[in-house]
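Trainee:
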Amino acid sequence: MSELREIYQEVILDHCRAPRNCRALADPSHQAEGYNPLCGDKVVVYLRVDHGVIMEASFEGVGCAISTATASLMTEALKGRKVGDVQPLFKDFHDMVTGADAAPQPRLGKLEVLGGVREFPGRVKCATLAWHTVLAALQDQPEPVSTE
Ligand code: ZN
Numbered sequence: 003m004s005e006l007r008e009i010y011q012e013v014i015l016d017h018c019r020a021p022r023n024c025r026a027l028a029d030p031s032h033q034a035e036g037y038n039p040l041c042g043d044k045v046v047v048y049l050r051v052d053h054g055v056i057m058e059a060s061f062e063g064v065g066c067a068i069s070t071a072t073a074s075l076m077t078e079a080l081k082g083r084k085v086g087d088v089q090p091l092f093k094d095f096h097d098m099v100t101g102a103d104a105a106p107q108p109r110l111g112k113l114e115v116l117g118g119v120r121e122f123p124g125r126v127k128c129a130t131l132a133w134h135t136v137l138a139a140l141q142d143q144p145e146p147v148s149t150e
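With positions in the sequence shown counted from 1, the corresponding number in the numbering used here is that position plus 2.
1. For Asp-52, which residues from the same chain have a beta carbon less than 8 Å from its beta carbon, with the 5 sequence-adjacent residues on both sides left out?
2. Closest to Glu-114 by C-alpha separation, out of Ile-68, Pro-144, Tyr-48 and Gln-33, would be which residue?
3. Around the C-beta of Arg-25, are 16 or more other C-beta atoms found within 10 angstroms, so that it is buried, or is it exposed?
4. Run the CB neighbour count on Gly-164, radius 10 Å, all protein chains shown included, and call it buried at 16 or more, exposed below.
5. What do you reckon, is the C-beta of Asp-43 under 7 Å from a heavy atom of the ligand ZN?
6. Work out the CA separation of Ser-60 and Pro-106 for me, nearest whole Å.
7. Could you pull out every residue in the same chain whose Cβ sits closer than 8 Å to the Cβ of Ala-79, ignoring the five residues on either side in sequence?
8. Using the Cα positions of Glu-72 and Asp-16, report the straight-line distance between them to the nearest angstrom.
9. Within a Cβ cutoff of 6 Å, which residues of the same chain sit near Met-76, ignoring the five residues on either side of it in sequence?
10. Confirm the yes/no value for this check: CB of Pro-38, any heavy atom of the ligand ZN, distance under 7 Å.
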């Protein structure tokens, strides 16, 4: 697991040890479940959307450090954003972790700490699981989403 040491930075470790928004929402307007069979990461994402704006975002899950830190950073990043901003933000994030576009993405804010994932293609699905799950939640997809 030496690759993890190289990806780890203080922010990732902090979000892994003390994930933000790690709880179920009592009154979600959207929720979905996601699974990454490659690593065994599981996540449930909860959203409360009001007038097209994400008022609350939270998650519960069991997974590796990368998937937990991503869900934590992502739920923080999504609060207060318009629903229509999620897909473009995910595109920026996806381009960053796959190395498709290595240019800095100012929109990503703190999520940029996960840029190191691009060196480890086997970890990309850990970092994108929470995003796929959020998009499934917004589409009211009843079946759990899988990264495979
Ligand atoms: Zn993982």
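Virtual Cβ for every residue (Gly too), placed ideally from N, Cα, C. Just so we're clear, the structure is a prediction, and the values are computed from it rather than from any experiment.
Mentor: Let me lay it out:
1. As a first step, residue 52 is located in the sequence shown; it is residue number 50 there, counting from the start. Excluding positions up to five away in sequence, the list reads Ser-31.
2. Sequence index remark: in the sequence shown, residue 114 carries index 112 (1-based). The residue with the shortest Cα to Cα distance from Glu-114 is Ile-68.
3. Residue mapping note: residue 25 aligns to position 23 of the sequence shown, counting from 1. By the neighbour-count rule (16 or more Cβ atoms within 10 Å), Arg-25 is not buried but exposed.
4. Nothing about residue 164 can be reported from this structure: the residues present for the chain run from 3 to 150 only.
5. Taking the first residue of the sequence shown as 1, we reach residue 43 at position 41. At least one heavy atom of the ligand ZN is nearer than 7 Å to the Cβ of Asp-43, so yes.
6. Locating residue 106 in the sequence shown gives position 104, counting from the first residue. Locating residue 60 in the sequence shown gives position 58, counting from the first residue. Approximately 26 Å, taken between the alpha carbons.
7. Position 77 of the sequence shown, counted from the first residue, corresponds to residue 79. Around Ala-79: Leu-91, Leu-110, Gly-111, Lys-112 and Leu-113.
8. For the purposes of this step, residue 72 is taken as residue 70 along the sequence shown, with counting starting at 1. For the purposes of this step, residue 16 is taken as residue 14 along the sequence shown, with counting starting at 1. Before going on, a small fix: residue 72 reads as Thr here, not Glu. Rounded to whole angstroms, Thr-72 to Asp-16 spans 11 Å at the Cα level.
9. On the sequence shown, residue 76 is found 74 positions in, with the first residue counted as 1. The residues are Ala-132.
10. What you label residue 38 is simply residue 36 of the sequence shown in a count that begins at 1. Here residue 38 turns out to be Asn, not Pro, going by the sequence shown. Indeed, a heavy atom of the ligand ZN lies less than 7 Å from the Cβ.
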